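Student: I'd like to ask you about the structure that follows.
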Amino acid sequence: MRKFSDPLDLASYRKSLKNSVGFVPTMGALHEGHISLIKESIKNSDNTIVSIFVNPTQFLQGEDLDAYPKKIEADLKICELAGVDAVFLPNIDDMYERDELKITAPNIKGFTLEGFNRPGHFDGVLQIVLKLFGITKPTKAYFGKKDAQQLFLIQNMVKHLFLDIEIISCEIIRQSDGLALSSRNIYLSEDERVKALLLSTALKLATKMVISQELDSKKIKNKMQEVLKDTDIEYIEIVDREFNLLQKVEIKNTIILVATFVGETRLIDNIWI
Ligand code: AMP
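Residue 7 is where the sequence shown starts when you use our numbering, and the numbers rise one by one after that.
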């Protein structure tokens, strides 16, 4: 497995690759969720590149940029065992100039839900993903449905900038009790982990309501709110796959999303219906 920190070195390695390239961008502290993306890429592409970069421009003031978990040695082992061809571990200074162009997420869909609670977050996400695409020039790039709005905005960026990259969306990987895997789960104390389960419990309840023909968004959101009442809810929302708010669930075109704080830890989860 090759390791690169210089973007230009990785770009020239990329040029030497004749066949398809799958790309998996991550912020490291890899878990089964990341591994599922990596495996999918290895299955479907001749070469797989994984990036590990805690991108400062997508963190807001006061967020956990400095505390973000780092496990570089374990991450490299995971990538090697999975059969990754190259890992990209850039330094911040090699990725950003002091004065450079900025990417702004779409005004509406980039500034609702996650974007409303974390204004500017998606500007940073799109900026780094576009840079990483420029370096790795992937045939396919893999993203998790766990970050549903991010996935949507990246699909849109690819479309609007006419990038020749296929975005592959991957299912949310959960622990056996339902907790969606996240690098941030390690912040949770034992008691908080129990509370964190309420996110998937609320989403399961919503699914049950839909199965029993309750499609009214307000009623579903109210029930979810009851389940999550012991957490600090940021939003519970029901949108279509284009991230328009829905009054009524549309089967096969709906995402139910939740963001909540459990203690100091901000957790997100969602379900596609
Ligand atoms: P991150 O390292 O948190 O930036 O995540 C890197 C990629 O892994 C993103 O595309 C995430 O959506 C995806 N991801 C994170 N957690 C999960 C999960 N539990 N299941 C599937 N994909 C995930």
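By construction, the Cβ of each residue, glycine as well, lies at the ideal position given by its N, Cα and C atoms.
Values in this document were obtained by computation on a predicted structure and should not be read as measured data.
With contact counted as at least three CB pairs below 8 Å, one residue from each stretch, are the segment 94 to 103 and the segment 8 to 26 in contact?
Tutor: With a cut-off of 8 Å, the segment 8 to 26 and the segment 94 to 103 count as touching, because enough Cβ pairs lie within range.
Student: Considering only residues of the segment 43 to 121, which uninterrupted alpha helix (DSSP H) runs meet the minimum length of 4 residues and lie entirely inside it, listed in chain order?
Tutor: Taking only runs of at least 4 residues, the alpha helix (DSSP H) segments lying wholly in the segment 43 to 121 are 78 to 88, 98 to 101.
Student: Please tell me whether, using a cut-off of 7 Å, the distance from the CB of Thr32 to the nearest non-hydrogen atom of the ligand AMP is below it.
Tutor: Within the sequence shown, residue 32 is the residue found at index 26, counting from 1. At least one heavy atom of the ligand AMP is nearer than 7 Å to the Cβ of Thr32, so yes.
Student: Grab me the residues of Phe158's own chain with a C-beta within less than 8 Å of its C-beta, minus the 5 sequence neighbours each way, in chain order.
Tutor: For the purposes of this step, residue 158 is taken as residue 152 along the sequence shown, with counting starting at 1. Excluding positions up to five away in sequence, the list reads Lys115, Arg247, Glu248, Phe249.
Student: Per the contact definition of three or more C-beta pairs closer than 8 Å, is the segment 26 to 39 in contact with the segment 133 to 146?
Tutor: Touching, per the Cβ criterion.
Student: Would you say the beta carbon of Cys85 comes nearer than 7 Å to a heavy atom of the ligand SAM?
Tutor: Judged by which ligands are present, the ligand SAM is missing from the structure shown, whose ligands are the ligand AMP.
Student: Does the segment 258 to 277 come close enough to the segment 203 to 214 that 3 or more CB-CB pairs lie under 8 Å?
Tutor: Yes, the segment 203 to 214 is in contact with the segment 258 to 277.
Student: Can you round the beta-carbon distance between Gly34 and Asp81 to whole angstroms, since I take them to be within the 8 Å contact cut?
Tutor: Here the question's residue 34 lines up with position 28 in the sequence shown. Here the question's residue 81 lines up with position 75 in the sequence shown. The pair is a contact, with the Cβ atoms about 5 Å apart (cut-off 8 Å).
Student: Consider the C-beta atom of Lys152 and the heavy atoms of the ligand AMP; say whether any pair is separated by less than 7 Å.
Tutor: The sequence position of residue 152 within the sequence shown is 146, counting from 1. Yes; taking the cut-off as 7 Å, the Cβ of Lys152 has a heavy atom of the ligand AMP nearer than that.
Student: Using the three-state DSSP reduction, which class does Asn250 fall into: helix, strand or coil?
Tutor: In the sequence shown, counting from the first residue as 1, residue 250 sits at position 244. Here Asn250 sits in coil by DSSP.
Student: Leaving out five residues on either side along the sequence, give the residues of the same chain with a beta carbon under 7 Å from the beta carbon of Ala17.
Tutor: Taking the first residue of the sequence shown as position 1, residue 17 is located at position 11. Ile141, listed in sequence order.
Student: Our contact map puts Leu169 next to Phe139 with C-beta atoms below 8 Å; I'd like the distance itself, whole angstroms only.
Tutor: The residue given as residue 169 occupies position 163 in the sequence shown. The residue given as residue 139 occupies position 133 in the sequence shown. Confirmed, Cβ separation roughly 6 Å.
Student: Check this for me: beta carbons of Asn61 and Gly130, under 8 Å apart or not?
Tutor: In the sequence shown, counting from the first residue as 1, residue 61 sits at position 55. In the sequence shown, counting from the first residue as 1, residue 130 sits at position 124. Contact flag set, yes.
Student: Leaving out five residues on either side along the sequence, give the residues of the same chain with a beta carbon under 8 Å from the beta carbon of Glu69.
Tutor: As a working note, residue 69 is residue 63 in the sequence shown. So the qualifying residues of the chain are Arg124.
Student: In the DSSP output, which residue or residues are listed as bridge partners for Pro31?
Tutor: Walking along the sequence shown from the start, residue 31 turns up at place 25. In DSSP, Pro31 forms a bridge with Ser57.
Student: Using only the alpha-carbon positions, how far apart do His127 and Leu136 sit?
Tutor: Indexing the sequence shown from 1 puts residue 127 at position 121. Indexing the sequence shown from 1 puts residue 136 at position 130. Straight-line Cα distance between these residues: approximately 14 Å.
Student: On the DSSP bridge assignment, give the partners of Lys9 in chain order.
Tutor: Residue numbering aside, residue 9 sits at position 3 when the sequence shown is read from its first letter. Per DSSP, Val93.
Student: Where does Ile262 sit, in a helix, a strand or coil, going by DSSP?
Tutor: Working through the sequence shown from its first residue, we reach residue 262 at position 256. Ile262 falls in the strand class under three-state DSSP.
Student: Less than 8 Å between the beta carbons of Val264 and Leu194, yes or no?
Tutor: Stepping through the sequence shown from its first residue, residue 264 is reached at position 258. Stepping through the sequence shown from its first residue, residue 194 is reached at position 188. In this structure, Leu194 does not lie closer than 8 Å to Val264 by Cβ.
Student: Which residue's Cα is closest to the Cα of Glu120: Lys152, Arg104, Ile134?
Tutor: Counting from one through the sequence shown, the residue named residue 120 turns up at place 114. Answer by Cα proximity: Lys152.
Student: Find out if the Cβ-Cβ distance for the pair Glu243, Leu234 is shorter than 8 Å.
Tutor: For the purposes of this step, residue 243 is taken as the residue at position 237 of the sequence shown. For the purposes of this step, residue 234 is taken as the residue at position 228 of the sequence shown. Not closer than 8 Å, so no.
Student: Give a single yes or no on whether Ser218 has its beta carbon closer than 7 Å to a heavy atom of the ligand AMP.
Tutor: The residue labelled residue 218 in the question sits at position 212 within the sequence shown. No, the beta carbon of Ser218 sits no closer than 7 Å to any heavy atom of the ligand AMP.
Student: Following a CB-centred definition, is Gly116 positioned closer than 7 Å to any heavy atom of the ligand AMP?
Tutor: The residue you call residue 116 lines up with position 110 of the sequence shown. Gly116 Cβ: outside cutoff for every heavy atom of the ligand AMP.
Student: Please find out if some non-hydrogen atom of the ligand AMP comes closer than 7 Å to the beta-carbon of Gly39.
Tutor: Taking the sequence shown and counting its residues from 1, one reaches residue 39 at position 33. At least one heavy atom of the ligand AMP is nearer than 7 Å to the Cβ of Gly39, so yes.
Student: Starting from the N-terminal side, write out each stretch of the beta strand (DSSP E) that is 3 residues or longer and does not extend beyond the segment 138 to 217.
Tutor: Segments of the beta strand (DSSP E) lying fully in the segment 138 to 217: 146 to 150, 172 to 176.
Student: Tell me the DSSP secondary structure of Asp236 in three-state form.
Tutor: Locating residue 236 in the sequence shown gives position 230, where the first residue counts as 1. In this structure, Asp236 counts as coil in the three-state DSSP scheme.
Student: Considering only the alpha carbon of each residue, which of Ile279, Glu270, Val164 lies closest to Ile257?
Tutor: Looking up residue 257 in the sequence shown gives position 251. Among Ile279, Glu270, Val164, the Cα nearest to that of Ile257 is on Ile279.
Student: Would Leu132 pass as a contact of Met101 if the rule is Cβ separation under 8 Å?
Tutor: For the purposes of this step, residue 132 is taken as the residue at position 126 of the sequence shown. For the purposes of this step, residue 101 is taken as the residue at position 95 of the sequence shown. Taking 8 Å as the Cβ cut-off, Leu132 and Met101 do not qualify as a contacting pair.
Student: Would you report the Cα separation of Val216 and Leu185, rounded to the nearest angstrom?
Tutor: As a working mapping, residue 216 is identified with position 210 in the sequence shown. As a working mapping, residue 185 is identified with position 179 in the sequence shown. Cα-Cα distance, rounded: 21 Å.
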